[in-house]
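Shown next, in structure tokens, is the structure this report addresses.
Numbering (full-length UniProt numbering), first residue to last: 1 to 216.
Listed below in structure tokens is the structure:
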């Protein structure tokens, strides 16, 4: 059975549309070790992705050096962010599918806003998705419903009938807080079972699988 078309689609970015894990882990490792710490556990970094950068950094860096660490990350990451970046299978096809149905779409992420828009342009997402909101673009971050409602306003959509597509418990909480339907994809660091347990109405192995659910 085909899934009903949503009234609007809000996309997470990292782990959902793209796999940028390699340069992200490299940047955290460079910054953290430059501050004199041992190399961070890459699995801990991977499972923390989806939250604000400062939250991940705070797992390894003391509070008094957080500002220094975050500034160093923001300076270094744009230099390496496209190295090894992967557009996840089905991402462009599903974006095109929703665009063909005239369904409003937006990307919102806890990635730095300028970085997110550069990635969106590089990957071709911005051809069909004109709104891309990141961290520092507003005073809010996911899972705050104020951010979600702000993003919905930018595409002139309501929460009723809208879906959020993401890969993490943060995305599940974001959807729940704003009364959105959450569709999870296990393309990041979290399994289908974890996403279902977090409240996903539907959880798929991939975006290709999700597209099939709409276009069977």
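Virtual Cβ for every residue (Gly too), placed ideally from N, Cα, C.
- Closest by C-alpha distance to residue 35, out of 66, 154 and 90, is 66.
- Taking the Cβ atoms as the reference, residue 116 lies roughly 5 Å from residue 132, within the contact range of under 8 Å.
- Counting only runs of at least 3 residues, the region 100-132 fully encloses the following beta strand (DSSP E) elements, listed from N- to C-terminal order: 105-112.
- By DSSP's assignment, residue 204 forms a beta bridge with 185.
- Residue range 8-11 is occupied by the beta strand (DSSP E) that includes residue 10.
- Per DSSP, the continuous beta strand (DSSP E) segment holding residue 162 begins and ends at 162-166.
- Between residue 110 and residue 52 a beta carbon distance of about 5 Å is seen, short of the 8 Å cut, so the two are scored as contacting.
- With a beta-carbon spacing of about 4 Å, residue 178 and residue 148 fall inside the 8 Å limit used to define contacts.
- Take the alpha-carbon of residue 99 and the one of residue 201: they are about 22 Å apart.
- Across the structure, residue 77 and residue 214 are spaced so that their CA atoms are roughly 36 Å apart.
- No Cβ-Cβ contact shorter than 8 Å links residue 143 with residue 187.
- DSSP, read as helix, strand or coil, puts residue 49 in strand.
- In this structure residue 195 is in contact with residue 172, their Cβ atoms being roughly 7 Å apart against a cut-off of 8 Å.
- DSSP places residue 14 in the strand class (E or B) of the three-state scheme.
- Per the C-alpha coordinates, the member of 170, 180 and 190 positioned closest to residue 50 is 170.
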